[in-house]
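Chains X and H are the protein sequences, given in the same order.
Residue numbering for the first sequence follows the numbering used here, beginning at 29 and increasing consecutively.
Residue numbering for the second sequence follows the numbering used here, beginning at 29 and increasing consecutively.
For each residue, glycine too, the CB sits at the ideal point set by N, CA and C.
Written below as structure tokens is the structure these notes are about.
There are 2 protein chains.
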Amino acid sequence: MNAASLIDNNDTRQTRAADLAGRVAAGDRRALARAITLLESRRPDHRDQAEGLVRALLPRAGDSVRIGITGIPGVGKSSFIEALGLRLLQDGHRVAVLAVDPTSPRSGGSILGDKTRMEKLARETDAFIRPTPSGGTLGGVARRTWEAIVAVEAQGYDVVLVETVGVGQSETAVKDLVDMFLLLLAPGGGDDLQGIKKGIVEMADLIVVNKADGDLAQAADRAQRDYAAALHLLRPAHADWMPQVLKCSAATGDGIAEIWSVMEDFRRATEASGRIVRERARQAATWMWSQVNETMIAELRAAPGMADILADLEPRVAAGDMGPSEAARRILDAYAGRAKSPDRDS
Amino acid sequence: MNAASLIDNNDTRQTRAADLAGRVAAGDRRALARAITLLESRRPDHRDQAEGLVRALLPRAGDSVRIGITGIPGVGKSSFIEALGLRLLQDGHRVAVLAVDPTSPRSGGSILGDKTRMEKLARETDAFIRPTPSGGTLGGVARRTWEAIVAVEAQGYDVVLVETVGVGQSETAVKDLVDMFLLLLAPGGGDDLQGIKKGIVEMADLIVVNKADGDLAQAADRAQRDYAAALHLLRPAHADWMPQVLKCSAATGDGIAEIWSVMEDFRRATEASGRIVRERARQAATWMWSQVNETMIAELRAAPGMADILADLEPRVAAGDMGPSEAARRILDAYAGRAKSPDRDS
């Protein structure tokens, strides 16, 4: 360790974080990209700076509509996001596009948030597109996306689209990052089974049937009617909003303006009812406890001897040879006995 | 502490647990009730015995069809369970009815598993009805119900019905206790909005429209068609089973035999695909980790000084004044620093 790094103390790091936050707020696009890269970093020495950065950005955050978008590959998510984004730019908004794809092995390796699939939008100065953070757990990817939302909002992006594709529990994670959840569908080739994962239809505040043009126009109408009928059977999760089914053509632009209009209705309704504020508070608490849980379980699994204990107990529980309660008690006893752990590094 | 309690050592407790398990397996009904009462007890001194009891019962468990039943108040759950139960008894089965109602303040305080609402079934020697365990967390109620399932299976009950009503996350919990999940509906008074909580329709392996008789017969037909159409839009969660919508009248008995026939189809399909075994293993692991998580978080919350730390940080996170990641890190640091905890009691 040399003299220069001795100077790299906490105050300097905090000043740098505040500087970076200032440049983000001033509209410096490269600073925004660097900020998000720092927030995504999993290096322990970056976490201090990341915390300082979030702290400095938070007062400038919160002023956007956050919309999650999911749909199976092939429904036209990129085209839809681009069409919606360009429309929003015309209306004077600034649009950020983020992505949650926990399967992506490296940043830029996912097709989500891929600028080459949204070339026109990517060229706009009032649009900011970022691929998913890579690696780690779904919870980790989601928490880093939460911080990226803070960063883009601090730079004045007032509509944030968070894209995901139906892998594992990513929709559930994105639902806890956004105000409104949109499911994008495309009419099947005569097959009503859209391949939509169970549970997602009921999670949606808005369902959009894309590709309502040309040969698929009639099929799109039918799909819109069918989903509207299905939604009608379900009680809305909240009293302030009845989920709707719209259709559009991302290719021609038909229906896009109406979709944004409905999104604005949603925003007004959920602001009036206070739901936005309540939900964002609940989401932040969820991510806090999610991180506490993940860290505690990871420390348990990594503690001396625990891997052997789990390798013994987990198969016995799975096979029905030991009850879950006894196994849990044994795991906790072993952890309490063995985890004379060194002080955790901050 | 007197001499007699000094004799009450571990060996004695294990012998008693083995004895009780033996009496349960031999068909002693009172022993079964006592066994479940012991398993439900949250007294620390009972947990050792409970563990021994589960260990002794497990080898005799597993041979049943486990079916979860949910539906809003008024759809006729008790009548349906009674009609189904009586039918199963006619076919030579032995039926246990359990319940998960985390809001119940005391055992017997819930209307679920209430024998007075299933009087005919309650009088049958081959039927066993038990109200929900009371108090504690939903996870705790669910884990104790898991152990009650083991106990009733050990006494030869080969169909286990677990009833719940749509409170909080109880359906999600029951879904992790059973092989098959049934949603019971009743035709509305002209109002299609059945009041069903979002997410439950998509969780169901079987939807049953009850009260398909008299004035409501046509409405029941319509409801059956509407839900069948809605289900058709969703991809089944598993390749081995397409969820179905049936109708019945618990009052007249119409449709009950068909429902059991479909349940047997489900059993065969999910046995053939191996899903029953996989799911039960996954569920057991879920309950094990659920208990590890709950205990660890409870210990964190109870550790010296942690209540104050949480009272400070949680509102700040909810208000957007501190990021979730920083708050999580501070909580964990505080816990690591303060929890010089005494050895946990086994």
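Contact residues of the segment 44-60 of chain X toward chain H are absent (C-beta to C-beta distance below 7 Å). Three or more beta-carbon pairs separated by less than 8 Å link the segment 262-280 of chain H to the segment 226-240 of chain H, which places the two stretches in contact. Checking the DSSP bridge columns, you'll see Lys-275/X partnered with Val-237/X.
Contact of Trp-269/X with chain H by beta-carbon distance below 9 Å is absent, the smallest such distance being about 12 Å. Residue-level contact by beta carbon fails for Ser-301/H and chain X, as no gap is shorter than 8 Å. Taking C-beta atoms as the reference points, Val-180/H and Val-193/H fail to come closer than 8 Å. Residues of the segment 321-340 of chain H with a Cβ closer than 8 Å to any Cβ of chain X, in chain order: Asn-321, Thr-323, Met-324, Ile-325, Leu-328. For Pro-161/H, not one C-beta of chain X is nearer than 8 Å to its own C-beta. Contact between Leu-85/H and Val-178/H holds: CB atoms are separated by about 5 Å, below the 8 Å threshold. Shown in chain order are the members of the segment 253-267 of chain H whose Cβ falls below 8 Å from a Cβ of chain X: Asp-254, Tyr-255, Ala-257, Ala-258, His-260, Leu-261, Leu-262, Arg-263, Pro-264, Ala-265.
Ile-177/H is outside the set of residues whose beta carbon lies under 8 Å from a beta carbon in chain X. Using a CB distance cut-off of 8 Å, Arg-83/H counts as an interface residue toward chain X. Taking 8 Å as the cut-off, the Cβ atoms of Leu-360/H and Thr-323/X count as close.
Per DSSP, the unbroken alpha helix (DSSP H) holding Ala-335/H starts and ends at 334-346. Under DSSP, Leu-126/X shares a beta bridge with Val-190/X. The beta-carbon separation of Glu-175/H and Met-146/H, rounded to 23 Å, does not stay under the 8 Å limit for a contact. Sequence-distant partners of Asp-119/X (beyond 5 residues in either direction) whose C-beta falls short of 8 Å from its own C-beta, in its chain, are Trp-288. Using a Cβ-Cβ cut-off of 7 Å, Asp-293/H is close to nothing in chain X; its nearest Cβ partner there is about 19 Å away. When CB distances to chain X are screened at a threshold of 9 Å, the residues of the segment 225-251 of chain H falling below it are Lys-225, Lys-226, Gly-227, Ile-228, Val-229, Glu-230, Met-231, Ala-251, in chain order. In this model, Leu-112/H and Ala-285/H are separated by some 8 Å (Cα to Cα). In the DSSP assignment, Gly-365/H falls within the alpha helix (DSSP H) that extends over 352-366. When secondary structure is reduced to three states using DSSP, Ile-284/H falls in the helix class. Shown here, Ala-155/H sits in a strand according to DSSP, grouped into three states. Boundaries of the alpha helix (DSSP H) around Gly-167/X: 166-182. Identification of residues in the segment 119-130 of chain X having a C-beta nearer than 9 Å to some C-beta of chain H yields an empty set. Taken atom to atom, the span from the alpha-carbon of Asp-91/X to that of Val-125/H is near 52 Å.
Contact annotation for Leu-86/H against chain X: Gly-348, Asp-349, Met-350, Gly-351 [CB-CB distance below 8 Å, chain order]. Chain H places no beta carbon closer than 8 Å to that of Gln-272/X, leaving this residue out of the contacts. By the Cβ criterion, the segment 243-256 of chain X is not in contact with the segment 235-245 of chain H, since fewer than three pairs of Cβ atoms, one from each stretch, lie closer than 8 Å.
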